[in-house]
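**Q** Take the position in the sequence shown, starting the count at 1, then add 237; the result is the number in the working numbering. For glycine and all other residues, C-beta sits at the position ideal for the given N, C-alpha and C.
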Amino acid sequence: MVLKIVVGSEHAGAEYRAQLVRDLRDRGMDVTEICENEMLQGYPAVAEAAARLVTSGKAELGILICGTGIGMCMAAGKVPGIRAALCTDSYMGKMARRHNNANMLVFGSRVIGYANMMDILDTFLTETYEGGRHDARLAALREVESRYSKQ
238 MVLKIVVGSE HAGAEYRAQL VRDLRDRGMD VTEICENEML QGYPAVAEAA ARLVTSGKAE
298 LGILICGTGI GMCMAAGKVP GIRAALCTDS YMGKMARRHN NANMLVFGSR VIGYANMMDI
358 LDTFLTETYE GGRHDARLAA LREVESRYSK Q
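1) What residue range does the alpha helix (DSSP H) around K331 cover?
2) In whole angstroms, give me the CA-to-CA distance for R347 and D326.
3) Taking the alpha carbon of M341 as the reference point, which residue from L378, H371, L298 and G350 has its own alpha carbon closest?
4) Do you know offhand how far R379's Cα is from T360's?
5) Taking the straight line between their C-alpha atoms, what separation do you get for R370 and T363?
6) Assign Y280 to buried or exposed, taking buried as 16 or more other Cβ atoms, counted over all protein chains shown, within 10 Å of its Cβ.
7) For L261, which of A249, L277, V244 and G345 has the nearest alpha-carbon?
8) With a CB to CB cut of under 6 Å and the five nearest residues on each side skipped, what residues in its chain are close to H336?
9) Determine, using beta-carbon pairs with one atom in the stretch 310-318 and one in the stretch 281-289, whether at least three such pairs fall under 8 Å.
10) Closest to S293 by C-alpha separation, out of G330, G318 and A255, would be which residue?
11) Using only CA atoms, which one of I271, A255, A376 and V291 lies nearest to G240?
12) Just mark Y398 as buried or exposed, buried being the case when its beta carbon has 16 or more other beta carbons within 10 Å.
Below, the structure is given as structure tokens:
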């Protein structure tokens, strides 16, 4: 099965985004690319567009890149159903998958190098969600989300 991934960035992550899209396509993955344009300006718009592809099922995983990763992570996390993880090392990538079942990874191009980003992504992709005790925690997150979501 081909993994469907959406990769988005604003200006600070553009170089990493372009290289990542090429690398993932070379691996045979189905990649949708989202970048700033006249309709999508700034990290909140790019993050929302990518997150909506994930929550709609059109993408199985989202990857967002900005300068620090903080803004993109905050923006993506506002979309109900998104579990965004800002990762700076492989351990964080591993735990984002194992314990948090993250569906979006976020990186800061001014914080980590491209090779480190790829190591984190590769670690994330080889891990599986453990479930078990973590299911209750994710259910609790969904409850918090539903309390504050507009119906």
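**A** So, from the data block:
1) S327 to R335
2) 14 Å
3) The shortest C-alpha separation from M341 is found at L298.
4) As the crow flies, the alpha-carbon of R379 is around 26 Å from that of T360.
5) If you draw a straight line from the Cα of R370 to the Cα of T363, it is about 21 Å long.
6) buried
7) V244
8) H371
9) yes
10) G318
11) In the sequence as presented, Gly is not what sits at residue 240; that position holds Leu. Of the candidates I271, A255, A376 and V291, the one whose C-alpha sits nearest the C-alpha of L240 is V291.
12) Residue 398 lies beyond the stretch modelled for the chain, which goes from 238 to 388, so this question has no answer here.
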